[in-house]
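First the structure, in the form of structure tokens, and then the observations on it.
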Amino acid sequence: MSETITGASRFYTARDGLRLHLLDFGPRLTTAIPVVCLPGLARTAYDFERLALALASGAAGKPRRVVALDYRGRGASERDKTWQNYDLRIENDDILDMLTAAGVERAIFVGTSRGGLHIMLTAAMRPTLLHGAVLNDIGPVIETKGLARLRGYIGKLPDPRHWSDAVDIAKSLMSAQFTDLSDADWDAFARLTFEEKNGKLTPRYDTALFRTLESIDLEKPLPTAWPQFEGLRQIPTLVLRGANSDLLSAETVTEMQKRHGLCQAHVVENQGHAPLLLDAPTIARVARFVAEADAT
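To convert, note that position 168 of the sequence shown is 426 in this note's numbering; the numbers rise steadily by one, no gaps.
In structure tokens:
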């Protein structure tokens, strides 16, 4: 397979036979620690394209390989006929299978929202895989307000009639969280959320995902993941928080830093859950962390 900076689509087979997709950027023959990117619940590998291109091109000191995964049922990965398989532990098995298929033995992981939960789960189960961790707007405590908002729209979006309609839908959902996006950013976000299939615009994920959120009782405190987070204590960690986030609180970030001496924090102004990783300052901050982690 040829190497590419622009990102090659590759497929592998999960242990239950599902065909799953990843994007593979940058050189494979390099001494730089690779980066593995894990998206949010209803997001795809393409969310990381701008960051991956920067890292693959040497933004963190030297060119490096970057691999970004589509979970089962998202992006170009096959849909699962059993929606109950959209489960953290099954997805984590998929991630481990992907790392084996891609030949990645150790990496710096970047996880947005659900992807960060996977990082914490991996730290508890396979800590030797982790050379560094970036948690994008996720921590051991999830605020119910933010989860309720996600449950209100995931799997329930109207099908846009055209791309300008898709932008309007994105703005209606996210403008309170993202208060300073350019027209180009809104267009990019819409195109990362929807795709054109058979002449129609549809979400880039299996809409059955909404069923995974239905059973959560938002009237009760959500379980916390402090033990899993503390599995990262020996691993350099950067937590990104959107200044307008309703899923990760500033108080939780403060507590994360108290419990983890190697945990850095960065606030992405004018963005909410979860920072889009499209703007140059945030990409530069992640690149600086990757360079620092690589050097340890």
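We put the CB at the ideal spot given by N, CA and C, even for glycine.
Because the structure is a prediction, the values reported are computed rather than measured.
{"Check": "Just how far apart, CA to CA, sit Tyr344 and Thr554?", "Outcome": "35 angstroms"}
{"Check": "For the alpha helix (DSSP H) that Asp438 lies in, which residues bound it at each end?", "Outcome": "Asp438 -> no alpha helix (DSSP H), and no H or E assigned at all."}
{"Check": "What do you reckon, are the CB atoms on Ile412 and Ala303 nearer than 9 angstroms?", "Outcome": "no"}
{"Check": "For Ala381 and Pro418, I'd like the C-alpha separation in whole angstroms.", "Outcome": "39 angstroms"}
{"Check": "Phe269: buried (16+ other C-beta within 10 angstroms of its C-beta) or exposed?", "Outcome": "exposed"}
{"Check": "Could you tell me which of Tyr463, Ala391, Thr358 and Leu471 sits nearest to Gly410, measuring between CA atoms?", "Outcome": "Leu471"}
{"Check": "Can you check whether the CB of Leu357 is closer than 9 angstroms to the CB of Ala326?", "Outcome": "no"}
{"Check": "Can you give the Cα-Cα distance for Leu467 and Gly319, rounded to whole angstroms?", "Outcome": "38 angstroms"}
{"Check": "Apart from the five residues on each side of it in sequence, which residues of its chain come closer than 6 angstroms, Cβ to Cβ, to Ala317?", "Outcome": "Ala545"}
{"Check": "Give the DSSP-derived three-state secondary structure of Ser430 in the structure shown.", "Outcome": "helix"}
{"Check": "Could you have a look at Leu498 and say whether DSSP puts it in helix, strand or coil?", "Outcome": "strand"}
{"Check": "Using the Cα positions of Leu346 and Phe436, report the straight-line distance between them to the nearest angstrom.", "Outcome": "27 angstroms"}
{"Check": "Does DSSP put Val325 in a helix, in a strand, or in coil?", "Outcome": "strand"}
{"Check": "Touching or not, the segment 479-487 and the segment 386-403, by the rule of three or more beta carbon pairs under 8 angstroms?", "Outcome": "yes"}
{"Check": "CA-CA distance, Gly275 and Asn456?", "Outcome": "26 angstroms"}
{"Check": "Please list the terminal residues of the continuous alpha helix (DSSP H) segment that includes Ala360.", "Outcome": "Leu346 to Ala360"}
{"Check": "Could you pull the start and end residues of the alpha helix (DSSP H) that Gly373 belongs to?", "Outcome": "Arg372 to Met383"}
{"Check": "Which first and last residues belong to the beta strand (DSSP E) in which Leu280 is found?", "Outcome": "Arg277 to Gly284"}
{"Check": "Counting only the same chain and skipping the five closest in sequence on each side, list residues whose C-beta sits under 7 angstroms from that of Asp355.", "Outcome": "Tyr270, Ala272 and Arg273"}
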